[in-house]
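Read the structure below first, then the notes.
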Amino acid sequence: MILPSVQANPGELVIVLLLAYALDLVFCEPPFAIHPVVWMGRLIGFFKKNIPENNRKLYGIFIGLTTILFGCTIAYLVMLFMGIESIPAVLRYLVAAYFLKATFAIRCLYGAANEVRTELDAGKLDSARQKLSMYVSRNTSKLEEGQVSSAIIETTSENYVDGILSPLLFYACFGPYGLIAAYVFKATSTLDSMVGYKDERHREVGWFSAKFDDVLNWIPARLSVIFLSAATLVVSLAYRKVKIPDYRTAFKTGIRDGLKTPSPNSGFPMASVAGALKIKLEKPNTYVLGDGFAYPVSEDIKLTSWIILVASFFAIIVSSLTIIL
Numbered sequence: 038m039i040l041p042s043v044q045a046n047p048g049e050l051v052i053v054l055l056l057a058y059a060l061d062l063v064f065c066e067p068p069f070a071i072h073p074v075v076w077m078g079r080l081i082g083f084f085k086k087n088i089p090e091n092n093r094k095l096y097g098i099f100i101g102l103t104t105i106l107f108g109c110t111i112a113y114l115v116m117l118f119m120g121i122e123s124i125p126a127v128l129r130y131l132v133a134a135y136f137l138k139a140t141f142a143i144r145c146l147y148g149a150a151n152e153v154r155t156e157l158d159a160g161k162l163d164s165a166r167q168k169l170s171m172y173v174s175r176n177t178s179k180l181e182e183g184q185v186s187s188a189i190i191e192t193t194s195e196n197y198v199d200g201i202l203s204p205l206l207f208y209a210c211f212g213p214y215g216l217i218a219a220y221v222f223k224a225t226s227t228l229d230s231m232v233g234y235k236d237e238r239h240r241e242v243g244w245f246s247a248k249f250d251d252v253l254n255w256i257p258a259r260l261s262v263i264f265l266s267a268a269t270l271v272v273s274l275a276y277r278k279v280k281i282p283d284y285r286t287a288f289k290t291g292i293r294d295g296l297k298t299p300s301p302n303s304g305f306p307m308a309s310v311a312g313a314l315k316i317k318l319e320k321p322n323t324y325v326l327g328d329g330f331a332y333p334v335s336e337d338i339k340l341t342s343w344i345i346l347v348a349s350f351f352a353i354i355v356s357s358l359t360i361i362l
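Take 38 as the starting number for the sequence shown in the numbering used here and just add one per residue.
Shown next, in the form of structure tokens:
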């Protein structure tokens, strides 16, 4: 039996990327039952139920490699489907776009920030805390309004890297095997979010996942300072109601405060947004970014969302150009 070709020309790869972008903006996330990332999450969840007492680091490496292989298998099967020329091109492109779209989330990231901002604007601090608790790991029950705004801005800006920029760049930089690269990244990111904790139960099991996630995000996190600063410039030209974002301070603060977080990567996008809006982002007893600025308010959440949306568009454009060139 001769397997279909997994090769795809740059034009086809760009079409798939743009279709995936459109699917994300229109439909947000697919149902859990047919969501590839949910499939990977369920596999990880199965392994988590059977963590042994001994050799936990080795078991964590096994979980990581198995999940990554599972993700690669999904991507490879989609690539094989793409190579079956007897199937109409439109259908092949849509299927590939659907699976690529599963690796990034632009509209949902915007939606999460908007949910919290809406509650704050309505004066419903308790409800805003509850909404926030779905998106951050910290205890939100006693956060003040400024701390709630800070936390949602932190998670929104941080997720710009691992939820948007990184998977798009991996897809763009690996040519016809870009979908596999995107799924290697997404599997690693999902692993990190589920087992990459430093508590007693996960410290050794999640070691491989957390370290590999740091490696894969290292370059995109630093590039995010450029993307977010450029997006800040665009937003500053279009949005002049309450405050004008500052792209120079975005770049300066992103570089200055990027390494002030425990993670070697998450500080760069968060610090860039802090500088863009001249706000202080703080996780109590952990880090302070944009020290010297005031805590954010609801309007800053809206501006953050606009900056992320524009920066995401730039990521799509740069990824498309990378594929073509």
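Backbone N, C-alpha and C define an ideal beta-carbon position, used for all residues, glycine too.
Taking the straight line between their C-alpha atoms, what separation do you get for residue i and residue j?
i    : j    : result
S170 : A188 : 10 Å
P213 : A348 : 25 Å
L128 : M307 : 39 Å
Y284 : T341 : 13 Å
S261 : W255 : 10 Å
I190 : L162 : 16 Å
V74  : L274 : 37 Å
L62  : R144 : 6 Å
K339 : T290 : 20 Å
K320 : D199 : 19 Å
If I measure Cβ to Cβ from residue i and keep anything under 8 Å in the same chain, skipping five residues before and after, which residues do I get?
i    : result
S356 : L54, L205, L206, Y208 and A209
F107 : W76, M77, L80 and A224
D251 : S300, P301 and N302
A352 : I201, L202, L205, L206 and F264
K419 : Not covered by the structure: residue 419. The range shown for the chain is 38 to 362.
Is residue i helix, strand or coil by DSSP?
i    : result
D283 : coil
I316 : strand
L326 : strand
P41  : Bear in mind that the predicted position of P41 carries a pLDDT of just 46, short of 50, making it too unreliable to give a figure here.
P47  : helix
L228 : helix
L25  : Because the chain in this structure spans residues 38 to 362, residue 25 falls outside the shown range and cannot be described.
T269 : helix
D236 : coil
Taking 7 Å as the limit between beta carbons, can you name the residues of its chain near residue i, skipping five residues before and five after?
i    : result
S178 : R166
V115 : V132, A133, F136 and L216
E21  : Residue 21 lies beyond the stretch modelled for the chain, which goes from 38 to 362, so this question has no answer here.
R259 : F305
The ligand HEM and residue i: does any heavy atom of the ligand fall closer than 7 Å to the residue's C-beta?
i    : result
S357 : In terms of ligand content, the structure shown is empty, and the ligand HEM therefore cannot be addressed.
**OP:** Count the CB pairs spanning the region 78 to 97 and the region 238 to 245 that are closer than 8 Å, and state whether there are at least three.
**Re:** yes
Original post:
Any contact of the region 150 to 163 with the region 321 to 338, i.e. 3+ C-beta pairs under 8 Å?
Top reply: yes
Original post:
Of all the alpha helix (DSSP H) runs that stay within the bounds of the region 65 to 139, which reach a length of 4 or more residues?
Top reply: 73 to 85, 93 to 119 and 126 to 138
Subject >> Segments assigned beta strand (DSSP E), at least 3 residues, entirely inside the region 132 to 218 >> reply: none
Original post:
Which runs of the alpha helix (DSSP H) fall wholly inside the region 331 to 362 and span at least 4 residues, in chain order?
Top reply: 335 to 361
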